[in-house]
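Residue 251 in numbering that gives the first Met the number 0 sits at position 252 of the sequence shown; the count goes up by one each step and never skips.
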Amino acid sequence: MTGTSDRVEGTPSAGDIAVVDVGGTRLRRALWSPEGGLRDLVERPSPSMRTLPGLPVPELRQRMVDALCTAVPAGVARAGVSFGAALDHRTGTVYASAPLWGPHTEPFDLHGALRAARPEVAWHVVNDVTAALLHAAAAPHRRSLRKLLLVTVSTGIACRILDLRTDTVAVDDCGLQGEIGHLPAAVPTALAPRTASAVPAHAPVPVCDCGTPGHVAAYSSGPGLRRLAESMRVRDAKRWAESALGRTEEEAGFERALRAALDEGDAVAGELLSAAVEPLADVLRTALCLDPELDEIVLTGGVVYGLGGHVRRALLAHLARTGLYLTGDRCPGWAERRVTTARPGEADPLIGAALAARHGTGGAPAVTGLTHFSDPQPTGATR
Numbered sequence: 000m001t002g003t004s005d006r007v008e009g010t011p012s013a014g015d016i017a018v019v020d021v022g023g024t025r026l027r028r029a030l031w032s033p034e035g036g037l038r039d040l041v042e043r044p045s046p047s048m049r050t051l052p053g054l055p056v057p058e059l060r061q062r063m064v065d066a067l068c069t070a071v072p073a074g075v076a077r078a079g080v081s082f083g084a085a086l087d088h089r090t091g092t093v094y095a096s097a098p099l100w101g102p103h104t105e106p107f108d109l110h111g112a113l114r115a116a117r118p119e120v121a122w123h124v125v126n127d128v129t130a131a132l133l134h135a136a137a138a139p140h141r142r143s144l145r146k147l148l149l150v151t152v153s154t155g156i157a158c159r160i161l162d163l164r165t166d167t168v169a170v171d172d173c174g175l176q177g178e179i180g181h182l183p184a185a186v187p188t189a190l191a192p193r194t195a196s197a198v199p200a201h202a203p204v205p206v207c208d209c210g211t212p213g214h215v216a217a218y219s220s221g222p223g224l225r226r227l228a229e230s231m232r233v234r235d236a237k238r239w240a241e242s243a244l245g246r247t248e249e250e251a252g253f254e255r256a257l258r259a260a261l262d263e264g265d266a267v268a269g270e271l272l273s274a275a276v277e278p279l280a281d282v283l284r285t286a287l288c289l290d291p292e293l294d295e296i297v298l299t300g301g302v303v304y305g306l307g308g309h310v311r312r313a314l315l316a317h318l319a320r321t322g323l324y325l326t327g328d329r330c331p332g333w334a335e336r337r338v339t340t341a342r343p344g345e346a347d348p349l350i351g352a353a354l355a356a357r358h359g360t361g362g363a364p365a366v367t368g369l370t371h372f373s374d375p376q377p378t379g380a381t382r
């Protein structure tokens, strides 16, 4: 296990909950209390295939367990873990995480491993999207909603739906819900050839981090954006080089250059983002069609925060061009009223993990009853 010098700093107080948010590239950890919110926040690289290339998955998993145990100071009795993976919410067993472990899909009893390593701690493990959803749902202005859908667009893509009337995140026979990043996606319109004979040899269907070609995340995630950018560069090198994005990418870096180019109204950057989010727009359109009780769809994640309001506008443009049958025409603004972007600190997986640990039952988190919050509004203030 990592040495004690790497533990969360500060002296724990009675009632503190250790919280950890695990993503594909970074691991955030802190202490949380109802009175003081988050404190002693520390960020480290996440032990994953991206940060530790070449390590076998069993070693990566052991390093993950070590890192999570290190995040809980001595004397803290309860820990909430927001974990970026497809996991069984009934047991805390992780099925797969493309950002963390690539195509590896052997189940991993993370909850059991944590209990074995630190049996004195009551561990509560939830998916990171579920954690963000729990925090977002705690906002007072959302208490009158029927159902809330939160979708994260980051290294990976997933969503969760919470029924606020019953405080229930429904799951299937495997304890899963909302793994939309691994649904098959149609090739975005801007990338599709005009005729079958026009398929360029250099434009294969992008491969998702899980190893399967053509998933939603292969296009709409952060890595997907980079894949599409490279495809556009190859398809029309001259136009790319003359664009604001092409001129500044090397010096500023892809993420900053893309945001700046979008802010300037660069056509190439706009086409890139539009193509990237089209598969996600298709999923959200279907969700709204199948469940009219979805009163709000909250966008969050690194790509959403990094690109500001551009992701929402690109999604709404697709939903405006091709909306729900009849509803799109008869109720102008139906999508704009429902699709929102989370403000910084509004859907924090760290706070959601704390709420899951505080209100969960037993060692594993409850799938129902997670949001019977007595707090006026869980605080996320960092001190």
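All C-beta atoms, glycine included, are put in the ideal place defined by N, C-alpha and C.
Could you name each continuous alpha helix (DSSP H) segment of 4 residues or more that falls completely within the stretch 239 to 286, going from the start of the chain to the end? 243 to 251, 253 to 263
Touch check for the stretch 237 to 245 and the stretch 164 to 181: three-plus C-beta pairs under 8 Å? Too few Cβ pairs lie closer than 8 Å, so no.
For A70, collect the residues of the same chain with a Cβ closer than 7 Å to its Cβ; drop the 5 residues on either side in sequence, then sort them by chain order. By one-based count along the sequence shown, residue 70 stands at place 71. Contacts found: V7, A17, V19, R28.
Where do the ends of the beta strand (DSSP E) carrying A157 lie? As a first step, residue 157 is located in the sequence shown; it is residue number 158 there, counting from the start. First-last of the beta strand (DSSP E) with A157: 156 to 162.
From G300 to E119, what does the alpha carbon distance come to, in whole angstroms? Here residue 300 corresponds to residue number 301 of the sequence shown, with the count starting at 1. Here residue 119 corresponds to residue number 120 of the sequence shown, with the count starting at 1. Cα to Cα, the separation comes out at about 33 Å.
Whole-number beta carbon distance between L314 and V338, since they are thought to touch under 8 Å: Start at 1 with the first residue of the sequence shown, and residue 338 comes out as number 339. Start at 1 with the first residue of the sequence shown, and residue 314 comes out as number 315. With 8 Å as the limit, V338 and L314 qualify as a contact, their Cβ atoms being about 6 Å apart.
Limits of the alpha helix (DSSP H) - the one that S143 falls within: Counting from one through the sequence shown, the residue named residue 143 turns up at place 144. No alpha helix (DSSP H) contains S143, which DSSP labels as neither H nor E.
So what's L227 in DSSP terms, helix, strand or just coil? Walking along the sequence shown from the start, residue 227 turns up at place 228. Helix at L227.
N- and C-terminal bounds of the beta strand (DSSP E) containing I179: On the sequence shown, position 180 is the one that residue 179 refers to. It is not in any beta strand (DSSP E) - I179 carries neither H nor E in the DSSP assignment.
Spatial neighbours of D385 within its chain, please: C-beta separation below 6 Å, excluding the five flanking residues on both sides. What the structure shows of the chain is the stretch from 0 to 382, and residue 385 is not part of that stretch, so it cannot be assessed.
Would you mind stating whether A352 and G79 have Cβ atoms separated by less than 8 Å? Taking the sequence shown and counting its residues from 1, one reaches residue 352 at position 353. Taking the sequence shown and counting its residues from 1, one reaches residue 79 at position 80. Yes, the Cβ-Cβ distance between A352 and G79 is below 8 Å.
Please list the segments of the alpha helix (DSSP H) lying wholly inside the stretch 18 to 89, counting only runs of 4 or more residues, in order along the chain. 56 to 69
Could you give the distance in angstroms between the alpha-carbon of A259 and the alpha-carbon of L279? For this step, residue 259 is matched to residue 260 along the sequence shown. For this step, residue 279 is matched to residue 280 along the sequence shown. Looking at the two C-alpha atoms, the distance is approximately 23 Å.
Endpoints, the alpha helix (DSSP H) within which Y94 is located: Along the sequence shown, one-based indexing puts residue 94 at 95. First-last for Y94: 92 to 95, but that is the beta strand (DSSP E), not the alpha helix (DSSP H).
Name the residue from V150, R255, D294, V152 whose alpha carbon lies nearest to the alpha carbon of A334. Working through the sequence shown from its first residue, we reach residue 334 at position 335. Residue D294 is the option with its Cα nearest to A334.
Go through the stretch 295 to 333 residue by residue and report every complete run of the beta strand (DSSP E) that reaches 3 residues or more, in order. none
Taking only three categories from DSSP, how would you classify H358? Residue numbering aside, residue 358 sits at position 359 when the sequence shown is read from its first letter. Three-state DSSP puts H358 in a helix.
Within the same chain, show all residues whose beta-carbon is closer than 7 Å to that of C158, passing over the 5 residues directly before and after it, in chain order. As a first step, residue 158 is located in the sequence shown; it is residue number 159 there, counting from the start. Counting only Cβ-Cβ distances below 7 Å, and skipping sequence neighbours, we find V128, L148, L149, V150, G177, I179.
Nearest-angstrom beta carbon gap, L182 and V215 [assumed within contact, 8 Å]: Numbered from its first residue, the sequence shown carries residue 215 at position 216. Numbered from its first residue, the sequence shown carries residue 182 at position 183. Between the beta-carbon of V215 and that of L182 there is about 5 Å, and that keeps the pair under the 8 Å contact cut.
Determine, using beta carbons only, whether V310 and V276 come nearer to each other than 8 Å. Translated into the one-based positions of the sequence shown, residue 310 becomes position 311. Translated into the one-based positions of the sequence shown, residue 276 becomes position 277. Against a cut-off of 8 Å, the Cβ pair of V276 and V310 comes out as a contact.
Check whether the stretch 246 to 259 touches the stretch 184 to 193, taking contact to mean three or more Cβ pairs, one atom from each stretch, closer than 8 Å. no
Take T24 as the anchor and find which of L227, G35, F82 has the nearest alpha-carbon. Stepping through the sequence shown from its first residue, residue 24 is reached at position 25. It is F82.
Can you tell me whether DSSP reads V233 as helix, strand or coil? Here residue 233 is taken as the residue at index 234 of the sequence shown, counted from 1. Helix at V233.
With 16 as the cutoff for other CB atoms within 10 Å, does R77 come out buried or exposed? By 1-based counting over the sequence shown, the position of residue 77 is 78. The residue is buried, with at least 16 neighbouring Cβ atoms inside 10 Å.
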